[in-house]
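One structure below.
Residue numbers (the numbering used here): 88 to 377.
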């Protein structure tokens with residue numbers, strides 16, 4: 088009888104211990120792990136009829152601060168690229184620079200040339216290390232992960248020229264059927280589906296603009312080389328696993344900044360923009376998993 092009573096006591100202890108563990112885990116899952124809530128898909132911006140210059144300027148503003156990822160480098164933080172809001176003063180000066188060997192004759196042409204061929208002219212001090220300012224770290228914005236259309240490039244140019252107080256006469260807003268096609272090309276898609284592969288996820292969120300990433304031939308050097316993170320992730324933060332470190336680096340990039348790079352350069356809102364599946368795809372790719 089005494090033995091049976093002791094067995095029941097031991098069983099009760101085990102059950103209580105198991106209950107404590109379950110409650111603790113549930114609490115950690117709820118409060119200890121950052122909540123990832125993806126933003127709703129962007130709504131298409133409808134433009135009917137002829138496109139006006141004001142509409143192009145407004146779209147250029149959105150592209151510059153959004154899809155074009157321009158502010159990742161062209162911002163006061165880090166000083167990694169010229170401040171384009173100063174184009175009104177700097178644009179004409181660039182064209183007169185003895186180092187300028189491009190084909191542009193006007194600031195508008197210079198902006199478009201810089202978007203499509205960034206190395207045509209590199210502002211002194213902003214070239215890739217070791218190139219003597221002959222090679223730009225900026226990607227071609229009409230190709231690759233950014234992939235702006237000619238209409239979108241004109242919208243960005245219109246916004247920059249307007250911001251700089253320069254004339255807009257060279258930019259001709261499309262009309263008729265061309266206007267509808269251009270507006271459709273420049274507007275956000277009706278629905279953006281979650282990326283199905285790591286490559287899609289990398290390109291969707293513009294990772295190659297700043298990083299070299301596994302599986303993609305081209306990448307930037309604004310941020311750390313992510314092709315090497317598989318060897319470094321598990322030792323970057325003592326006590327943190329490689330998976331947890333990568334997750335934190337995506338969702339809270341300022342929590343740990345690799346030596347030699349600046350805080351506040353990487354956007355801090357990927358936790359709202361990415362789905363859990365997209366973060367998982369990127370994490371597995373960086374760890375060399377499939």
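Each residue gets a CB set at the ideal place from its N, CA and C atoms; glycine is no exception.
Bounding residues of the alpha helix (DSSP H) (the contiguous stretch that carries residue i)
i           : result
residue 195 : 194-203
residue 164 : Per DSSP, residue 164 belongs to no alpha helix (DSSP H) and is neither H nor E.
residue 332 : 329-338
residue 258 : Note, residue 258: premise wrong, no alpha helix (DSSP H); not H, not E.
residue 317 : 316-323
residue 357 : 357-360
Nearest-angstrom Cβ-Cβ length linking residue i and residue j, presumed shorter than 8 angstroms
i           : j           : result
residue 213 : residue 169 : 6 angstroms
residue 156 : residue 293 : 5 angstroms
residue 297 : residue 159 : 6 angstroms
residue 245 : residue 147 : 5 angstroms
residue 202 : residue 218 : Going by Cβ atoms, the distance from residue 202 to residue 218 rounds to 20 angstroms, so no, they are not a contact pair.
Cβ-based neighbour list, residue i, same chain, cut-off 6 angstroms, excluding 5 preceding and 5 following
i           : result
residue 290 : 232
residue 250 : 172
residue 262 : 137
residue 376 : none
Contact with chain D by residue i, beta-carbon distance below 8 angstroms
i           : result
residue 340 : No chain D is present in this structure, which holds just one protein chain.
Local Cβ density within 10 Å of residue i, reported as buried at 16 or more and exposed below that
i           : result
residue 198 : buried
residue 260 : buried
residue 372 : buried
residue 336 : buried
residue 154 : buried
Own chain, CB closer than 8 angstroms to residue i, minus 5 neighbours either side, in chain order
i           : result
residue 115 : Its pLDDT being 45, under 50, residue 115 is placed unreliably in this model, and the value from its coordinates should be taken loosely. Closer than 8 angstroms at Cβ, skipping near neighbours: no residue.
residue 221 : 206, 209 and 214
residue 242 : 143, 144, 146, 147, 150 and 273
Cβ-based neighbour list, residue i, same chain, cut-off 7 angstroms, excluding 5 preceding and 5 following
i           : result
residue 187 : 181 and 208
residue 193 : 257
residue 282 : 288, 291, 365 and 368
residue 370 : 330, 333 and 334
residue 162 : none
Is the stretch 305-325 in contact with the stretch 346-354, if contact means three or more CB pairs nearer than 8 angstroms?
-> yes
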